[in-house]
Structures are given as C-alpha cells and as structure tokens.
Amino acid sequence: MLSTKYTEKTKLTKDEIDRKWWEVGDYFRRNSLWLLMYCTGCCAIELPPSMTSAYDMERLGMGPMATPRQADILLVSGYLSLKTLRRLIYTYEQMSEPKYVVGLGSCPINGGIYHDLHAVINQLDQYIPVDVYVAGCMPNPESVLNGFVDLMEGIKNKTANGWKKYRDNNEWYKQNQKDALGEVIIHDEFHE
Amino acid sequence: MMNSMNNIKEVEDLVNKTVKVLKTENIDKNQVAFEIEKLEVHLLLMVLKSSGWIQLSYLSAVDWPDENKFEVVYIVFNWEKPVYVQVRTKIDREDPVMESILPIFPGAKYYEREAHEFFGITFPGNPDYEKQLILENWDDIPPLRKDFDPSAYSARKFPSREYPQDFSVKDPNNKTLEKTEERKKRAKALRVGGKKQ
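Chain order of the listed sequences is A and B.
If you want the numbering used here, it's the 1-based position in the first sequence plus 39.
If you want the numbering used here, it's the 1-based position in the second sequence plus 38.
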C-alpha cells in the first residue's frame, strides 16, 4: 500500500519553478511592506494616525524605512512640484526591484487644487508608474490603509507590476520626464 | 499701546530727517511703510541699520503692470523696539535694475536671487544673483509677473487626465448617495445583531 505522505516527484520546467518561487516571494513580500515616505505635500499628515495605535499599520507588517534601497513602497503623499519630481525620480531609480508606488490624495491623480499651477505636475503616472492611487483631499486613514490592502491584493494577483512597466516602457517615461523637466540631472550649488 | 505708537513716531521722525518720503502708510500699530526714491534706499537702510533695525526680515517685489513699475519692498526689524519698517521703492518695469544691498545686509543674497528668479529684476553688486535658486531650468517669462499665465503654462507643459464620463452626485441618474444610505442602514442593522429596528 502506498503511503499517503508520499507525493510523487513531478517534472517541473525552470519557468514553473521560478513562478512558484515568485509566489512564495510575493507572499512574504506583501506581508512585510516597507515604506519610503516621500512626504511632499499635506497628505503626509494622514500618516501619523495610520502608523500609530489608532490604525496601527504595523499589524499589516508595514513600517517606515530610512533609505530607498531598503524600501518596497515609494509613498508619494501629496502634490509634486517640478523640483520635487526631479528628486523623486532619483529616489525611485535607486530603489531595488520589485518596487511599488502609492499616490496619496487627488494631486498625483489629476493635479487636484493645483491643476493650473506653473510649478506642479498634473499626473504622476506620466513620469513614474503608479500601482495604487488613494483618492481624496485628504484621504482619511481608513482609505489609506484600504489602499495598502489593495496593493497587497495587487501583489498577490500580479497586477501591481509598475516596476515592470517602467523597465519595458523606459523610453516613454524618460521622454515624458524630459518634456516636463528639461533635464532630470540636478544642477545646483549643493550638488556641484 | 502707547509705547508702540511712540516707536512709530520715532521712526517717522528718523526717516523724514534722512530722506525725502513720497508716501507714508501706517499698516498697524507695529508696522509702518515708507515709499522713497530708488537712489535713497541704500542711505535709508544704512541709517535704519545703525539705529537698531538690524534684521532684514524680507525682500520682495510687487508687479504693477498698469503703472509699468515694479515695487521693491524691504522689511527690516528692530529687536529693541517692536516696529517693522517697510521701505518701498518703484523701479522701471522694462529695465528693472536695483543695486544690491549686499554690503548693508549680507543676508539679502538669497532674497535677491529669489526676486531675480520670480520677477526678473537684476541686482548688480550681488555676484551670483543670476544663479537658479527655486525654479530649475525655467523656460518662460518670470512666473510672478502679472502677465504670466500659469494655467496656460500648465496646460501646455503638463498633460491633464481625460475622463471619458462625467460623474456628479447632483446627477439624478447617479444612485451613489442612495447606495451609500443603504449600506449605512445595513451596517447599523448588523451592529444590533440583524434585528429589525
């Protein structure tokens, strides 16, 4: 009689094994998301209540992280001026893959109340890919956390693949960045 | 109260003794503004600095396109007597040149760079007033001039999102509010164990 504990070894191709490992990786990844908070605008005020005891982001395995190279999520909270966008692109390109971008508030979506300003961009996803938007001006902590849960779902279903898009359509993103900023390289007295 | 009025009187006497004042404006009980000639600004600021107004709080400009003038405003503050003094002067808008006040207030360096960036005023005497400070790679007329149109610039430079459909809560066909009410009622019912109220 065959043991029920024994399962026959199946022949898997390399792609299938890779996929399985990715699924394992995604499981751990989505349960330990580390944030890099790029607090550009007023939506950053919603993060203290989301992180501290009232809503406690830590229970979802999320926490703040100090440097872009250690973080999984780039959290853009609020409007982005051209000067900030230039630094944001620097930061995004330093992060290691897989990386996800969450846009808080209505400003990264369509410009929000700054839609007609000369110094503020209107759509963030023209310059870097955005996986989850949380709409609202400002979004309350419930919606912020809901956005993160949506991102976890996205990682599970492999729909949060902005980092792949950035790699595949790199020329398009670079062209958009160039149209808005002229040049992404920072020239100022503090960097020279 | 009495004291601050005395302070303002004292400033007015000092300024009227030093330069020709075109216009005086009492803004509030501890702020007073003087409009003077362009060439006398340095003299007045020097006198004010030696009489205790040692801090340059702000330097900026106002655009008056109807008069074809820029108004440069210097605000100085005294730590002994609580009076802000605004020194205003009007300069030509077509060829805006204002001598730098760097020898009097070294902290004016960055304010002058900012005023150059946002209004296009040149400050001879400041070695790097032309360096960029806040705007980077700016490619239009200075943005705080009144004839600059920020929304046209934004429309030209930043693509705005297109929405295939309009959504409005005031639309009679939009059932969002009713659905929200239903959901609230359902949530309330669940809170009391699903019993009918």
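Here a beta-carbon is modelled for each residue, glycine too, at the ideal position from N, C-alpha and C.
C-beta atoms of residue i and residue j nearer than 7 angstroms
i	j	result
Val173 (chain A)	Val183 (chain A)	yes
Val59 (chain B)	Ile74 (chain B)	yes
Tyr118 (chain A)	Val63 (chain A)	no
Asp65 (chain A)	Ile194 (chain A)	yes
Arg125 (chain A)	Leu220 (chain A)	yes
Val262 (chain B)	Val49 (chain B)	In the structure as shown, chain B starts at 39 and stops at 235, and residue 262 (chain B) therefore has no counterpart that could be examined.
Glu97 (chain A)	Pro180 (chain A)	no
His157 (chain A)	Tyr191 (chain B)	yes
Asp245 (chain B)	Arg183 (chain B)	Here chain B covers residues 39 to 235 and nothing more, so residue 245 (chain B) does not appear.
Gly90 (chain B)	Asn64 (chain B)	no
Glu155 (chain B)	Leu140 (chain B)	no
Partner residues on chain A for residue i, Cβ-Cβ distance less than 9 angstroms
i	result
Pro188 (chain B)	Asp155, Leu156, His157 and Ala158
Val134 (chain B)	Looking at the sequence shown, residue 134 (chain B) is not Val but Pro. In chain order: nothing, as chain A lies at least about 20 angstroms away.
Pro103 (chain B)	Simply none; closest approach about 18 angstroms.
Pro181 (chain B)	His157 and Ala158
Gln93 (chain B)	The premise fails here: Gln93 (chain B) is roughly 25 angstroms from chain A at the closest Cβ pair, so nothing lies under 9 angstroms.
Alpha-carbon spacing of residue i relative to residue j, whole angstroms
i	j	result
Gly175 (chain A)	Ser145 (chain A)	6 angstroms
Gly102 (chain A)	Ile225 (chain A)	30 angstroms
Pro188 (chain B)	Pro210 (chain B)	35 angstroms
Val188 (chain A)	Gly150 (chain A)	24 angstroms
Met191 (chain A)	Gly145 (chain B)	50 angstroms
Tyr122 (chain B)	Val110 (chain B)	16 angstroms
Asn45 (chain B)	Pro134 (chain B)	34 angstroms
Ser138 (chain B)	Leu77 (chain B)	12 angstroms
Thr214 (chain B)	Asp54 (chain A)	45 angstroms
Lys213 (chain A)	Glu132 (chain A)	12 angstroms
Leu75 (chain A)	Thr130 (chain A)	9 angstroms
Arg224 (chain B)	Pro178 (chain A)	24 angstroms
Phe157 (chain B)	Val140 (chain A)	36 angstroms
Pro181 (chain B)	Phe196 (chain B)	16 angstroms
Pro103 (chain B)	Trp176 (chain B)	22 angstroms
Asn185 (chain A)	Cys81 (chain A)	19 angstroms
Arg108 (chain A)	Trp61 (chain A)	20 angstroms
Asp218 (chain A)	Lys122 (chain A)	14 angstroms
Val114 (chain B)	Asp185 (chain B)	29 angstroms
Phe88 (chain A)	Tyr201 (chain B)	What sits at residue 88 (chain A) in the sequence shown is Pro, not Phe. Going by the C-alpha atoms only, they are around 32 angstroms apart.
Tyr112 (chain B)	Ile179 (chain B)	24 angstroms
Ala105 (chain A)	Leu51 (chain A)	40 angstroms
Asp207 (chain A)	Asn200 (chain A)	11 angstroms
Ile24 (chain A)	Tyr148 (chain B)	It is not possible to answer for residue 24 (chain A), since the shown part of chain A is limited to 40 through 231.
Ala99 (chain B)	Trp211 (chain A)	40 angstroms
Phe161 (chain B)	Met136 (chain B)	5 angstroms
Residues that residue i contacts on chain A, provided the C-beta gap is smaller than 7 angstroms
i	result
Gln203 (chain B)	Those do not exist, as Gln203 (chain B) stays about 14 angstroms from chain A at its closest Cβ, beyond 7 angstroms.
Cutoff 7 angstroms; reference residue i; Cβ partners in own chain excluding five residues on either side
i	result
Ile128 (chain A)	Tyr166, Ile167, Gln216 and Val223
Leu82 (chain B)	Val53, Thr56, Val57, Ile74 and Val125
Ser120 (chain A)	Ala158 and Val159
Arg7 (chain A)	Missing from the structure shown is residue 7 (chain A); chain A here goes from 40 to 231 and no further.
Asp227 (chain A)	none
Lys222 (chain B)	none
Chain-ordered chain B contacts of residue i [CB-CB under 9 angstroms]
i	result
Ala174 (chain A)	Result: empty, since nearest Cβ-Cβ is about 12 angstroms, beyond 9 angstroms.
Asp227 (chain A)	Lys169, Gln170, Leu171 and Glu174
Same chain only: Cβ atoms within 8 angstroms of residue i, ignoring 5 sequence neighbours per side
i	result
Glu132 (chain B)	Asn106
Ser169 (chain B)	First, the residue type needs correcting, since residue 169 (chain B) is Lys and not Ser in the sequence shown. If we look at Lys169 (chain B) and ignore the five residues flanking it on each side, its Cβ neighbours are Arg151.
Ser206 (chain B)	Asn212
Glu118 (chain B)	Gly90
Chain-order list of residues whose beta-carbon lies under 6 angstroms from that of residue i (same chain, five-residue window excluded)
i	result
Pro137 (chain A)	Trp202
Gly142 (chain A)	Val115, Leu163, Val169 and Tyr172
Met90 (chain A)	Met96
Cys78 (chain A)	Ser116
Pro147 (chain A)	Val115 and Leu163
Ala83 (chain A)	Ser116
Lys128 (chain B)	Lys107 and Glu109
Phe143 (chain B)	Leu94
Listed by chain order, chain A residues near residue i by CB distance under 8 angstroms
i	result
Arg224 (chain B)	Chain A residues near Arg224 (chain B): none, gap ~18 angstroms exceeds 8 angstroms.
Tyr191 (chain B)	His157
Ser198 (chain B)	Asn149, Gly150, His154, Asn161 and Gln162
Chain B residues whose Cβ lies nearer than 8 angstroms to that of residue i
i	result
Glu222 (chain A)	Asn175
Residue i CB to nearest heavy atom of the ligand NAP below 6 angstroms
i	result
Pro181 (chain B)	You won't find the ligand NAP in this model; it holds no ligand whatsoever.
Interface residues of chain B facing residue i [CB-CB closer than 7 angstroms]
i	result
Leu121 (chain A)	Glu174
Arg126 (chain A)	Neighbours of Arg126 (chain A) on chain B: none; closest Cβ ~10 angstroms, over 7 angstroms.
Ala219 (chain A)	Lys195 and Phe196
Gln165 (chain A)	Pro197
Problem - Those runs of the beta strand (DSSP E) which lie wholly inside the stretch 99-187 of chain B and span at least 3 residues - result: 107-115 and 122-130
Problem - Segments assigned alpha helix (DSSP H), at least 4 residues, entirely inside the stretch 119-176 of chain A - result: 121-133 and 146-149
Practice task
Entirely within the stretch 79-114 of chain A and at least 3 residues each: give me those beta strand (DSSP E) ranges in chain order.
Solution key: The stretch 79-114 of chain A is shown to contain no whole beta strand (DSSP E) run of 3 or more residues.
Practice task
Write down every uninterrupted run of the alpha helix (DSSP H) in the stretch 177-225 of chain A whose length is 4 residues or greater and which is fully enclosed by it, in chain order.
Solution key: Restricted to the stretch 177-225 of chain A, the alpha helix (DSSP H) segments that are unbroken, complete and at least 4 residues in length are 180-195, 201-207 and 209-220, listed in chain order.
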